[in-house]
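Residue 15 in numbering that gives the first Met the number 0 is what sits at position 16 of the sequence shown, and the numbering runs on without skipping anything. Beta carbons: idealized from backbone N, C-alpha and C, even for Gly. Below is one structure; the comments refer to it alone.
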Amino acid sequence: MASYRIRTFGDPVLKRRAEEVTEINGRVARLAEDMYATMKEARGLGLAAPQVGVGRRLFVYELDDGGPRTIVNPVIDEAQGEWEFEEGCLSVPGLYFRITRPKQVHIKGYDLDGREVSIEADELEARLFQHELDHLDGRLLLELLDDDQRKAAMRELRRRAEGTAGPGAL
Ligand code: NI
């Protein structure tokens, strides 16, 4: 297994809509395996292909009930309720935001064997699916913030960008 560099805020790949996976084959399985390794290394719960620079519609995840999972060409076709959660993203490292989204969703797609997957998800699992779907559509959680949250986030991201060059840097 290899791991990727995780793309962060400002990288254009994070703003593009990813394309459907046309064939679930060994290459896709290897990509998913490497994405999973990358996610574990970063101690995340989910990771979408654009976050490693690949514009394809799949994501990997792992919740406490164990084991790596992949959903290819996911679609959310039902969403209901409201749930507030302190949400973070490996592409916006270290920042967490209180965001309200639907509490329950139904997601469908395919696993790495090409079998159909259909999951009724609630709370954290539902949040994860919505977050990863957003990545596949080129959206970051920053777009869901209210004005005050967004201003604070942008200030912090600017501060960090300035902070990367040290004194005497050329
Ligand atoms: Ni994310």
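At a cut-off of 7 Å, the beta-carbon of Leu141 does not count as near ligand 1: no heavy atom of the ligand is closer than that.
Around ligand 1, the residues selected by a Cβ distance under 6 Å to any of its heavy atoms are Cys88, Leu89, Ser90, His130 and His134, following chain order. Between Glu115 and Lys102, the C-beta gap is not smaller than 8 Å, which leaves the two residues out of contact. By a beta-carbon distance limit of 8 Å, Arg68 does not contact Val74. Their separation comes to about 16 Å. For Val27, there is no enclosing beta strand (DSSP E); the residue is found in the alpha helix (DSSP H) stretching over Gly25 to Glu40. When C-beta atoms of the region 90-99 are compared with those of the region 136-149, three or more pairs fall below 8 Å, so the two segments count as touching.
Annotation: the region 88-139 contains the following complete segments of the beta strand (DSSP E) (minimum length 3 residues), in chain order: 95-100, 103-109 and 115-121. Gln50: not part of any alpha helix (DSSP H); DSSP gives it neither H nor E.
By the criterion of a C-beta distance shorter than 7 Å, Gly43 is surrounded in its chain by Leu89, once the five residues flanking it on both sides are discounted.
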